[in-house]
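Undergrad:
Residue numbers (this note's numbering), protein chains in the order written: chain A, 1 to 502; chain B, 1001 to 1502.
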């Protein structure tokens, strides 16, 4: 077989796996939006069976032969050409997966599904003892997986590598250490209690359908097209790309706080615009994927934080907001901007503001790193959580729902995932900073309801490249420099000292 | 490998294929209920890719070896034991599929999806010329498939065999000939214009949500549980079993005729009760399937025709109907029973009454038989349809929507499928007749809102056996005699001469 044939065979396999992925994405979407109560048990088995089929295809030894054939050829001479990128990514996944036996891989999927189901039931009852055995089983499996995957410095790196292959626990520590110190200092300099005086927005109940209608209009304004998507309700907002022309998002709504649903939608619109902007002519090949978890998150955060919490955006949206929700009419533009930028260290991570967001992440990073590195046990997580929450946020959660059971990530088996959020925030600040340099006064554009320049710029500079560049290359190509958390810190200091500075 | 190991391997493969089926069923369900407009093109490709994976697994040559090993063993000594049934069905599908090359099999799936999409667009515009080339391509492929599958008497038998392995065109002809003659005679003896004098039910518009609410309550009364299902809207009603605890149905609603949506739901509830009653401890094995298309249809028709159009049922439901739809208050019980049993030879098949239903089927059977046997060409279908419609129903459709484009079956690639409807109706009459003999006065039970005896009887005698017995065995075991259309004819004569006899 010649190299071109080998490459074609690899891509044909890749497309087949992408169809299995697409089927699983639909099954997950349905599980979170539509499934009847008694359908869950079968759906868990179904997803495990599909994951098994997917795994067997991804680790077919024939892939190793095909990869070698292509890698020994001139097809991959152009480092950032389509073939090289596709081959690089197939190699990365293949090498990673073949280190983990099929049994463990599928056991982890099943244990994650079971723990997530247990979390769904235990969470409303604040019932950590119910969740704990599931978490212990899962943590043991993830530790075993880390050992099998291998690492240079510490087991945690092996898991982090699934989401951010260029990072290690040490590089994350080096980023989060100074960043969290700067954020703690910023928190001390702002009077975030000031915005709590505005009670009007959260004492009037607003119907969910009214909120959905408003959020949908905002999504349209930002460029999300309902002809190629849907917006549904789920208990945790997410975006999912089922295929070209079908990129769906969900949100959840709080009758007494319309920020939750609205910013949930805007966040997911950011993800959806990224997926819609990928090079879909290569659908099913690795290049038609997001560059990484962190770059994906940067795209949602640009829209959620840098666009939808800006002065300009609310200049544009204020009349619509007042028309849709008359109980807000007494608020000034300044009130609204303060309200939607309220700083609250006691909030949950998913509702957190820009200032405290990364303090939530450093807490989770330190705990999961210690857990996987066998420095900490599952039974010690609740107490350790409270201690770190007090250290970074000055807040001690009073129940497990606000503490160790706050996020679905760990019960779902996602360890090593959280750092991607901070990387994403840092990248978002850098991308946005660069966009302003190239596109002029974005705030002014947002005031006029113009989002197409920013959207077009993101599509051109980031989305359309798909997985061509890894994050370190991408940030350098787009902004001219490597990862730099100072851009984020300066943005936050300027914005929040202006809003709430003491 | 010993026979037991071979059998276990076969069942493990069967379960894997069942998971692919389940994923495809969800994709079809979503395509018909939720998909955004621009998602269709990808979904068609997705379903074709999944069908290809499924086909490759079903025709893996290793299955032939495994089957031989089990078939040569004592494992299948008990003809109606689980092992024998599972092996019989794997053998049937394997032998059938391996005669058709993978390329043709997937081409047919794709051509069917494309023709169905063309039909969706062409139908509202009555645009047969747009659909015709798709149909010609598909018919050519189905003729080729029939030749490859092989047959004793005529090509049509090869396609019919997919749905009703025990039947041939001749056996269907022998059933439909006398049945249709009896129905035409019955039509002549009843004054079906009489019920058309009732205009009230169809001049008042009734909102779709109100109809959905009512139909859902009826579904509950009959025993359909929303904890393990859903009722959605789609342009063609269907039922789909995604797995244990998740059997969904859909219906469509007509604002000026609430019979459409209501009977659509009741029909699909019949299918759903069957699927819910299958031996789910064997989920993923062939035995946990409906016995055949015809037996499946018998279950929906028992509820739609024999239960929901009975006197007793409307004794029970009348107060609820009047409360939900006050514009019907002027109607007497007799009026309602006549109205829901209105006989109208000019209606579409999906809305047809019990008397004319099988006259629709004989028309389609004769046309598709001639088409597959190369006696008739696609271009000749419209004229032939009108002629046969006049012959059997005394009605000449004035447009293609009421004629050759009336059903989605042919554009979807379903040839040889229609006879299952008549077989189902005949079986339904026989099953219901037997149920009355064993359970006493069912009409009296329905008057009291009691449906559990009939439901339990169907579950015990038919559903729980799954695919154990083929239709000819099943009808004999349950009723003590073979297929007998006279039971249906007598039931119809008694009922309709009473309602509308001249």
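Glycine included, every Cβ here is placed at the ideal spot set by N, Cα and C.
Bear in mind that the values here come from a model prediction, so they are computed numbers and not experimental data.
Taking 8 Å as the CB-CB cut-off, is residue 1053 of chain B touching chain A?
TA: Answer yes: the Cβ-Cβ gap between residue 1053 of chain B and chain A drops below 8 Å somewhere.
Undergrad: Who are the near neighbours of residue 1003 of chain B in its chain, counting only those whose CB is closer than 7 Å to its CB and skipping five residues on each side?
TA: Taken in chain order, the residues that qualify are 1069, 1070, 1073 and 1075.
Undergrad: Applying a beta-carbon distance threshold of less than 9 Å, which residues of chain A neighbour residue 1287 of chain B?
TA: In chain order: nothing, as chain A lies at least about 17 Å away.
Undergrad: Please confirm whether residue 220 of chain A has its beta-carbon closer than 8 Å to some beta-carbon of chain B.
TA: Judged by the 8 Å Cβ criterion, residue 220 of chain A is not in contact with chain B.
Undergrad: Give the residues of chain B in contact with residue 42 of chain A, contact being defined as C-beta atoms less than 7 Å apart.
TA: Within chain B, the residues near residue 42 of chain A are 1243, 1244, 1245 and 1246.
Undergrad: Around the Cβ of residue 1186 of chain B, are there at least 16 other Cβ atoms within 10 angstroms (buried) or fewer (exposed)?
TA: Flag for residue 1186 of chain B reads buried.
Undergrad: Is there at least one Cβ from chain A nearer than 8 Å to residue 1273 of chain B's Cβ?
TA: Chain A, which has no Cβ nearer than 8 Å to the Cβ of residue 1273 of chain B, makes this no.
Undergrad: Within the same chain, show all residues whose beta-carbon is closer than 6 Å to that of residue 15 of chain A, passing over the 5 residues directly before and after it, in chain order.
TA: These residues qualify, in order along the chain: 284.
Undergrad: For residue 1116 of chain B, count the other beta carbons within 10 Å of its own beta carbon; 16 or more makes it buried, fewer makes it exposed. Which is it?
TA: The residue in question, residue 1116 of chain B, is buried, as its Cβ has 16 or more Cβ neighbours within 10 Å.
Undergrad: Please classify residue 1242 of chain B: does DSSP put it in a helix, a strand, or coil?
TA: Strand, per DSSP.
Undergrad: Taking residue 50 of chain A as the query, report the chain B residues whose CB atoms sit under 7 Å from its CB, ordered along the chain.
TA: Residues of chain B passing the Cβ test: 1019 and 1023.
Undergrad: Would you check if the distance between the CB atom of residue 122 of chain A and the CB atom of residue 110 of chain A is smaller than 8 Å?
TA: Result no, Cβ atoms of residue 122 of chain A and residue 110 of chain A do not sit closer than 8 Å.
Undergrad: At what residues does the alpha helix (DSSP H) containing residue 232 of chain A begin and finish?
TA: From DSSP, residue 232 of chain A is part of no alpha helix (DSSP H) but of the beta strand (DSSP E) over 231-233.
Undergrad: Do you know offhand how far residue 259 of chain A's Cα is from residue 237 of chain A's?
TA: Cα to Cα, the separation comes out at about 13 Å.
Undergrad: Go through the stretch 144-185 of chain A residue by residue and report every complete run of the alpha helix (DSSP H) that reaches 4 residues or more, in order.
TA: Runs found: 155-163.
Undergrad: Could you check what DSSP says for residue 248 of chain A in three-state terms: helix, strand or coil?
TA: DSSP places residue 248 of chain A in strand when its eight states are reduced to three.
Undergrad: Sorted by chain position, which residues of the same chain lie with C-beta nearer than 8 Å to residue 90 of chain A's C-beta, five sequence neighbours on each side aside?
TA: The answer, listed in chain order, is 10, 14, 63, 67 and 286.
Undergrad: Determine the closest residue to residue 413 of chain A out of A:42, A:88, A:7 and A:106, with distance taken between C-alpha atoms.
TA: Considering only alpha carbons, the answer is A:106.
Undergrad: Contact check, residue 160 of chain A vs residue 419 of chain A under 8 Å by CB: the rounded distance?
TA: Indeed they touch by this definition, with Cβ atoms about 7 Å apart.
Undergrad: Drop a sphere of 10 angstroms on the beta-carbon of residue 507 of chain A, count the other beta-carbons inside from all chains shown, and report buried for 16 or more, exposed for fewer.
TA: What the structure shows of chain A is the stretch from 1 to 502, and residue 507 of chain A is not part of that stretch, so it cannot be assessed.
Undergrad: Just to confirm my understanding: we take residue 1216 of chain B, look at its own chain, exclude 5 residues before and 5 after, and list those with CB closer than 7 Å. What are they?
TA: So the qualifying residues of the chain are 1231.
Undergrad: Anyone know if the C-beta pair for residue 1384 of chain B and residue 1367 of chain B falls short of 8 Å?
TA: Going by C-beta atoms, residue 1384 of chain B is nearer than 8 Å to residue 1367 of chain B.
Undergrad: Taking the C-alpha atoms as reference points, what is the distance between residue 1483 of chain B and residue 1370 of chain B?
TA: One C-alpha to the other measures close to 25 Å.
Undergrad: Could you spell out the range, first to last residue, of the alpha helix (DSSP H) harbouring residue 375 of chain A?
TA: It is not in any alpha helix (DSSP H) - residue 375 of chain A carries neither H nor E in the DSSP assignment.
Undergrad: Where residue 1377 of chain B and residue 1128 of chain B are concerned, what is the direct C-alpha to C-alpha distance, given to the nearest angstrom?
TA: Straight-line Cα distance between these residues: approximately 14 Å.
Undergrad: Would you say residue 1419 of chain B reaches chain A, if we count a Cβ-Cβ gap shorter than 8 Å as a contact?
TA: Not one chain A Cβ lies under 8 Å of residue 1419 of chain B.
Undergrad: Buried or exposed: residue 77 of chain A, going by 16 or more other Cβ atoms within 10 Å of its Cβ?
TA: Residue 77 of chain A should be labelled exposed.
Undergrad: By Cβ distance below 8 Å, which residues in the same chain neighbour residue 439 of chain A in space, the five residues on each side in sequence not counted?
TA: Contacts found: 445, 453, 454 and 457.
Undergrad: Using alpha carbons as the reference points, say which of B:1031, B:1498 and B:1411 lies closest to residue 1310 of chain B.
TA: Among B:1031, B:1498 and B:1411, the Cα nearest to that of residue 1310 of chain B belongs to B:1498.
Undergrad: Would you report the Cα separation of residue 1322 of chain B and residue 1328 of chain B, rounded to the nearest angstrom?
TA: Cα to Cα, the separation comes out at about 6 Å.
Undergrad: Considering only the alpha carbon of each residue, which of B:1065, B:1256, B:1464 and B:1411 lies closest to residue 1281 of chain B?
TA: Measuring from the Cα of residue 1281 of chain B, the nearest candidate turns out to be B:1464.
Undergrad: Would you mind sorting residue 142 of chain A into buried or exposed? The rule is 16 or more other CB atoms within 10 Å of its CB.
TA: Result: buried.
Undergrad: Quick one: is residue 181 of chain A buried, meaning 16 or more other Cβ sit within 10 Å of its Cβ, or exposed?
TA: Its Cβ having fewer than 16 others within 10 Å, residue 181 of chain A is exposed.
Undergrad: Quick check: the Cα distance between residue 364 of chain A and residue 298 of chain A, rounded to an integer number of angstroms?
TA: Straight-line Cα distance between these residues: approximately 19 Å.
Undergrad: Chain A beta carbons: is any one of them nearer than 8 Å to that of residue 1002 of chain B?
TA: No, no contact with chain A.
Undergrad: State the Cα-Cα distance for the pair residue 1338 of chain B and residue 1164 of chain B, rounded to the nearest angstrom.
TA: Each residue's Cα considered, the two are about 34 Å apart.
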